[in-house]
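Visitor: What follows is a structure written as structure tokens; I'll ask about it next.
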Amino acid sequence: MTATLTRHVAVPALERGLNVLLTLANVNKALTLAEISNAIGASRSTVYSILATLQDHGFVTKDTQQKSYQLGVATFELGSAYLRRVNLIPAFNECSQRLVALCRETVKLAILDGRDVVYLGKQDGLHSVRLVAQIGSRMPAHATAVGKVLLAQISDAALNDLYAGHELLALTRNTIRDLGSLLTRLDVVRRQGYDYDYAESNADVHCVAAPVRDHSGSVIAAMSIGVPNDRLSPQWMQELTGLLLQHAQELSRTLGWAGSVER
Numbered sequence: 001m002t003a004t005l006t007r008h009v010a011v012p013a014l015e016r017g018l019n020v021l022l023t024l025a026n027v028n029k030a031l032t033l034a035e036i037s038n039a040i041g042a043s044r045s046t047v048y049s050i051l052a053t054l055q056d057h058g059f060v061t062k063d064t065q066q067k068s069y070q071l072g073v074a075t076f077e078l079g080s081a082y083l084r085r086v087n088l089i090p091a092f093n094e095c096s097q098r099l100v101a102l103c104r105e106t107v108k109l110a111i112l113d114g115r116d117v118v119y120l121g122k123q124d125g126l127h128s129v130r131l132v133a134q135i136g137s138r139m140p141a142h143a144t145a146v147g148k149v150l151l152a153q154i155s156d157a158a159l160n161d162l163y164a165g166h167e168l169l170a171l172t173r174n175t176i177r178d179l180g181s182l183l184t185r186l187d188v189v190r191r192q193g194y195d196y197d198y199a200e201s202n203a204d205v206h207c208v209a210a211p212v213r214d215h216s217g218s219v220i221a222a223m224s225i226g227v228p229n230d231r232l233s234p235q236w237m238q239e240l241t242g243l244l245l246q247h248a249q250e251l252s253r254t255l256g257w258a259g260s261v262e263r
């Protein structure tokens, strides 16, 4: 008979590493190896190995003269990444409500996770027939407008590594199926600053997507407007592109970006 686990299985080495970081975070001074060892109740040799690993990754810095340790810049970067993500969702919700009021179509927000996009937010359209967008769902990045906007931020060399040995799944007859074609498309995205999904992920839907930037100008997400084919026209898609770029820029400025979009 197999026992049912009622709680997660802890990883002792990871717990000790986290305890080291928390110990350093809770004091306003650098600590020696002995002080950290005493604080977390682990041997000096164990703590030394943990500190060396954390130092290699920038989470801890060492004062060689004082033989003491304190938090490194990587902890700030990690905290900043969390704050950007936390601030992103409510800012998107406010921005997308204004956008939907103007275009009446469904608006979505996504981030890149490997070769997929993950949808973090949505604002349903106002039409009786509207697109269904599930928060937390995944799609192949190469098959979506948001995905191609996000992939365009990566160098061709890194993209070759990312897709090495991986087939580009075809979701419709319009989906990009080979890496060469994807790289060509991404070059266009980089030049124009946005992208379209020409019924590439859903045969009945077209989308336009634009990047969302943080205070540093880095693209941290992409937002899109989706339109069912029966409401699609070149003029309407052009209007939606302008609206989306305007609101993606507004969202980026809310997150601290000071740049502008040129069309």
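Mapping to my numbering: the sequence shown position 117 is 117, numbers consecutive.
Ideal placement from N, C-alpha and C gives every residue a C-beta, glycine not left out.
1) Within this structure, are the beta carbons of D178 and V149 separated by less than 8 Å?
2) Quick check: the Cα distance between S241 and L99, rounded to an integer number of angstroms?
3) Measure the alpha-carbon distance for P228 versus V205 and round it to whole angstroms.
4) According to the neighbour-count rule (16 or more other Cβ atoms, all chains shown, within 10 Å of its Cβ), is E200 buried or exposed?
5) Less than 7 Å between C-beta atoms, sequence neighbours within five positions excluded: which residues of the same chain meet that for L232?
6) Am I right that R44 and A30 are in contact with their C-beta atoms under 8 Å? What's the rounded C-beta distance?
7) What number of angstroms, rounded off, separates the C-alpha of R277 from the C-alpha of L126?
8) Determine the burial state of G41: buried for a count of at least 16 other Cβ atoms within 10 Å of its Cβ, exposed for fewer.
9) Extract the residue ranges of the alpha helix (DSSP H) inside the segment 83-116, only unbroken runs of 4 or more that lie entirely within it.
10) Ordered along the chain, which non-local residues of its own chain (more than five positions away) have a Cβ less than 6 Å from that of N19?
11) Could you tell me which residues DSSP pairs with G41 in its beta bridges?
12) Do V208 and A145 have their CB atoms nearer than 8 Å?
13) Taking DSSP as the reference, what is the three-state secondary structure of G256?
14) To which residues does DSSP link Q123 through a beta bridge?
15) For the beta strand (DSSP E) holding A210, just list the boundary residues, first then last.
16) What's the C-alpha gap between I50 and L24?
17) Can you tell me where the alpha helix (DSSP H) holding Y163 begins and where it ends?
18) Kindly indicate which residue of T53, D161 and A91 has the alpha-carbon position closest to the one of L109.
19) Please state if the CB of H215 and the CB of G256 are separated by a distance shorter than 8 Å.
20) Quick check on R138: does DSSP put it in helix, strand or coil?
21) Does the Cβ-Cβ distance between M139 and D116 come in under 8 Å?
22) Which residue from Q65, Q70 and Q66 puts its Cα closest to that of Q55?
Guide: Taking the coordinates as given:
1) As a first step, residue 178 is located in the sequence shown; it is residue number 178 there, counting from the start. As a first step, residue 149 is located in the sequence shown; it is residue number 149 there, counting from the start. No, these two residues do not count as a Cβ contact at 8 Å.
2) One-based indexing of the sequence shown puts residue 241 at position 241. One-based indexing of the sequence shown puts residue 99 at position 99. For clarity, residue 241 is Thr in the given sequence; the question names Ser instead. Taking the straight line from one Cα to the other gives about 12 Å.
3) The residue you call residue 228 lines up with position 228 of the sequence shown. The residue you call residue 205 lines up with position 205 of the sequence shown. Each residue's alpha carbon lies about 4 Å from the other.
4) The residue labelled residue 200 in the question sits at position 200 within the sequence shown. So E200 ends up on the buried side.
5) Looking up residue 232 in the sequence shown gives position 232. Excluding positions up to five away in sequence, the list reads H206.
6) Walking along the sequence shown from the start, residue 44 turns up at place 44. Walking along the sequence shown from the start, residue 30 turns up at place 30. Contact flag wrong, Cβ pair sits at about 16 Å.
7) Absent from the structure is residue 277, since the part of the chain shown begins at 1 and ends at 263.
8) Within the sequence shown, residue 41 is the residue found at index 41, counting from 1. Answer is exposed; the Cβ neighbour count stays below 16.
9) none
10) Counted from its first residue, the sequence shown places residue 19 at position 19. Result list for N19: I40, in chain order.
11) On the sequence shown, position 41 is the one that residue 41 refers to. None, per the DSSP bridge assignment.
12) As a working mapping, residue 208 is identified with position 208 in the sequence shown. As a working mapping, residue 145 is identified with position 145 in the sequence shown. A contact, by the Cβ cut-off of 8 Å.
13) As a working note, residue 256 is residue 256 in the sequence shown. Correct three-state label for G256: coil.
14) If you number the sequence shown from 1, residue 123 lands on position 123. Per DSSP, V107.
15) In the sequence shown, counting from the first residue as 1, residue 210 sits at position 210. That run of the beta strand (DSSP E) goes V205 to R213.
16) Position 50 of the sequence shown, counting from 1, holds the residue named residue 50. Position 24 of the sequence shown, counting from 1, holds the residue named residue 24. The alpha-carbon atoms of I50 and L24 are separated by roughly 13 Å.
17) Here residue 163 refers to the residue found at position 163 when the sequence shown is read from its first residue. It spans D156 to Y163 - the alpha helix (DSSP H) in which Y163 sits, taken as one unbroken run.
18) Within the sequence shown, numbered from 1, the residue matching residue 109 stands at position 109. Answer by Cα proximity: A91.
19) Stepping through the sequence shown from its first residue, residue 256 is reached at position 256. Stepping through the sequence shown from its first residue, residue 215 is reached at position 215. For G256 and H215, yes; Cβs fall inside 8 Å.
20) Looking up residue 138 in the sequence shown gives position 138. Note: R138 maps to strand in three-state DSSP.
21) Reading the sequence shown from its first residue, position 139 is the one you call residue 139. Reading the sequence shown from its first residue, position 116 is the one you call residue 116. Going by C-beta atoms, M139 is nearer than 8 Å to D116.
22) As a first step, residue 55 must be located in the sequence shown, where it is residue number 55. Nearest of Q65, Q70 and Q66 to Q55, Cα basis: Q70.
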